[in-house]
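Protein chains in written order, with our numbering: chain A, 1 to 290; chain B, 291 to 693. Each residue gets a CB set at the ideal place from its N, CA and C atoms; glycine is no exception. Quick caveat: nothing in here was measured; it's all calculated off a predicted structure.
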Amino acid sequence: MDVFIQLVVSGIALGMIYALIAFGYQLTFATSGTLNFGQGEALMLGALVGLTLVGHMSYWLMLPLVLAFGALQGVVVERVGVRPAIKTKSEFGWIMTTISLAIIFKNVAENIWGHDDIPFPSPLPTEPLQFFGIHILPMEIMVVVGALALMLAVEIFNRKSIYGKAVVATSNDRDAAGLMGINTSMVITFSYALSSMTAAFAGVLVAPLTLTGATMGVSLGLKAFAVAIIGGLNSGLGVIVGGLILGIAETTTGYYVSTGYKDVPGLVLLLLVLSIKPAGIFGKSVIKKV
Amino acid sequence: MSLKIKSIVAVLALATSCTAFAADVIKIGVSGPYTGGSSPMGVSMRDGVRLAAAEINAKGGILGRKIELVERDDQADNQRGVQVAQELINKERVVATLGYINTGVALASQRFYEEAKIPVINNVATGTAITRQFLPPEYPDNYIFRTSANDVIQSAMIVREAVEGRKFTKLAILADSTNYGQLGREDLEKALAARNLKPVAEEKFNIKDVDMTAQLLRAKGAGAQAILTYGIGPELAQIANGMEKLGWKVPMIGSWTLSMGNFIDNAGKNGDGARMPQTFIQDPNTPKRKAFIDAYQKAYKIERIPSPVSAAQGYDSMYLLAAAIKQAGNTDGVKVRQALENLNAPVEGVITTYVHPYTHDDHEAITMNMVVMGEVKNGHVVYAYDADKGQAVREKTTAKPKK
């Protein structure tokens, strides 16, 4: 039993990392119907910028600066890569542009920070805490709490503030929102800023647990994409559930079946969801009128 | 009109002078990953080769010609490695190629060299199959050589350390899912079987995995007394950190990659005590080694070589190749291979002094007696046994021709 709980606890910590990145996919998809395929690279840049800053200040002081950097990076992605595609009503242009921007970011990072994985100093003690024989790292608790807090903050912002309402309106119907006087292209830029900001935040949260390096975002970004599809691209709750499912599935399959097959259940689930409920477990299917 | 003709003549003259110049240098390919998780090995290897080439050039080159290194990043990717091989052979027309860090890349790319009859010296990759890909009778001559300790040597040493050195009987194997990890796992199993042992657990992980809980809990559940590893730095660090997290500390003994800088740095204190076979430890216990370490530190302005083994093997591979070209008297691939297989003069390297390192049937320069156990201690790799420090340079034991 202890082993099972330990696996679930580790799975939750892993799943929340995926969920936080997947949340970023969901933010931009809601407003613009586009995704930033460089979400993993936004996470990587956040972590590396954070690593550089942490040399000069405390972890907590570094956080807001990294958030600001992430937002700025999101604006760049939107202006350079996504806006032209939306303007020309290109269906797939943004896929290529966000992927190529991601590759550029990765190369830039390799030139600035080198090719190697570097340790990220942990702001919390690295000794594990023990509860009834279950080991958990303080940093893992912080990942779960931090991820939930950020997602909650964004949800509250969307529901309560006037700007948030503009975001929700744009998500529901971009054309109608535009007719109501909402600057929808501004809202889309804003959602990209928010999305990259969450990714950068995820970066500095997970970096002490994973390793920091130019290639850290690739596999995390990909798994988070699977999570976004499983949970539903337009559901905030969906990505949390999707993340937890994938994280726990990975650790438990690894233990009970074989560590060689630990990625299989997640992918099988992805295929199942796509064939049975393509909008995701919590997603609303949208009828596209042409 | 006359101006046009003049310019054409000028361009032609320039072109011929360029080709004349190109024939004067000896082009040698260097293929390795200079980016990504195995880059500490690739970069150290390349820097070792560069150092040796610069020294040889400073002394007038080989056969009166300068060495020109053609360095290409194979990104530890099999397809990319094949492209690099084709480019080096067909476009750059290299005399020979040094390199390969990753067993998978080596196995995928070497075919083109074998067909083109151009020698390759593997200076880092350790997969047992690497030098046995092209054996008689199918292939009369093998163009693949090696200056690293192959996985048969490494796995035997890992198992010897665990079973004889530490008296363990319950051992778990953790290997990554690449060619390197899985071929190494097979060699470990064979080495254990030779002592009538079976691993109590065999676990797999992927490159870039961030969570090792399941693998470690399975090993723990099976009652493992030590973990034998076959992987590369970053994931090995995740294993060491994962053990700390689970509050379950058993010794890590594994392939030479436990000496990589990115394992030592990322595992921090959790990596202390990890042991691995090494052909070279950054310890100036011979004049040649001192000169090499000093030159490396001076040239690249660092204190700790990211992967000392790769640097030393890369350096030695360049000297072996230079000696072979010199003995062959020209740069023809067949002649260079024959010279490598019958080197007359001893070649003084960092790891050892190579006396007839290769024969027609034996393309391994390193034998088990040259390899020592290293241990991670306070961020550095040191000799695990002080006895090894004394007799630093060991000659090759005459190996039986391997079939």
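- Between A228 (chain A) and A85 (chain A), the C-beta gap is not smaller than 8 Å, which leaves the two residues out of contact.
- Nearest to E476 (chain B) by C-alpha distance, out of B:V333, B:F458 and B:V449, is B:V449.
- Annotation: L150 (chain A) to S467 (chain B) spans about 35 Å, alpha carbon to alpha carbon.
- With a 10 Å radius around the Cβ and a threshold of 16 neighbouring Cβ atoms, D314 (chain B) comes out exposed.
- Within a 10 Å sphere around the beta-carbon of M608 (chain B) sit 16 or more other beta-carbons, which makes this residue buried.
- Straight across, the Cα-Cα distance linking L425 (chain B) with N432 (chain B) is about 6 Å.
- Within the model, the alpha-carbon separation for E631 (chain B) versus G669 (chain B) is close to 39 Å.
- Unbroken alpha helix (DSSP H) stretches of 4 residues or longer found wholly inside the segment 304 to 386 of chain B: 329 to 348 and 368 to 376, given in chain order.
- Its chain contains L610, L633, A655 and K686 as the residues whose beta carbon lies nearer than 7 Å to that of P647 (chain B), once the 5 sequence neighbours on both sides are disregarded; these appear in chain order.
- Only buried fits T28 (chain A), as 16 or more other CB atoms lie within 10 angstroms of its CB.
- With respect to the 8 Å criterion, G639 (chain B) and P409 (chain B) are not classified as neighbours on the basis of their beta carbons.
- Taking a cut-off of 8 Å on C-beta distances, the segment 413 to 423 of chain B does not touch the segment 344 to 363 of chain B, as fewer than three cross pairs fall below it.
- Residue contact check for R508 (chain B) against chain A: a CB pair falls below 8 Å.
- M44 (chain A) is positioned such that its CB atom lies closer than 8 Å to that of G217 (chain A).
- Residue burial is scored here from C-beta neighbours: V666 (chain B) has at least 16 other C-beta atoms within 10 angstroms and is therefore classed as buried.
- In the structure shown, the three-state DSSP call for M502 (chain B) is coil.
- Contacts with chain B at 8 Å (Cβ-Cβ) include E110 (chain A).
- Residue B:A342 holds the alpha-carbon nearest to the alpha-carbon of I583 (chain B) among B:Q373, B:K498, B:A635 and B:A342.
- A straight-line Cα-Cα distance of about 23 Å links P64 (chain A) and I162 (chain A).
- By the CB criterion at 8 Å, V3 (chain A) and G511 (chain B) fall inside the cutoff.
- Around A452 (chain B), the same chain offers F458, L461, A516, L518 and I543 as residues with beta carbons nearer than 7 Å, after the five sequence neighbours per side are excluded.
- Per DSSP, reduced to three states, the secondary structure at Y644 (chain B) is strand.
- In the same chain as M331 (chain B), and ignoring 5 residues on each side of it, the C-beta atoms closer than 6 Å to its own belong to I391, V414, S597 and S600, in chain order.
- The C-beta distance from V206 (chain A) to I17 (chain A) rounds to 5 Å, short enough to fall under 8 Å.
- Residue nearest to T210 (chain A) within the set A:G232, A:L7 and A:A13 is A:A13 (criterion: CA-CA distance).
- Here K686 (chain B) carries a coil assignment [DSSP, helix/strand/coil].
- For the options A:Q6, A:F37 and A:M142, the alpha carbon positioned closest to that of L220 (chain A) is the one of A:F37.
- In this structure, A419 (chain B) sits near L397 (chain B), with a CB-CB distance shorter than 8 Å.
- By the C-beta density criterion, L507 (chain B) is buried, having at least 16 other C-beta atoms within 10 angstroms.
- Check the Cα spacing between G15 (chain A) and each of A:I248, A:T215, A:P265 and A:F282: the tightest is with A:I248.
- Across the structure, Q130 (chain A) and I136 (chain A) are spaced so that their CA atoms are roughly 6 Å apart.
- With a cutoff of 8 Å on beta-carbon distance, G326 (chain B) and T215 (chain A) are scored as near each other.
- About 16 Å separates the Cβ atoms of F495 (chain B) and L473 (chain B), ruling out a contact at the 8 Å cut-off.
- In this structure I318 (chain B) touches L359 (chain B) by the C-beta definition: roughly 6 Å separates them, less than 8 Å.
- S275 (chain A) counts as exposed, since fewer than 16 other beta carbons sit within 10 angstroms of its beta carbon.
- Bridge partners of Y25 (chain A) according to DSSP: none are assigned.
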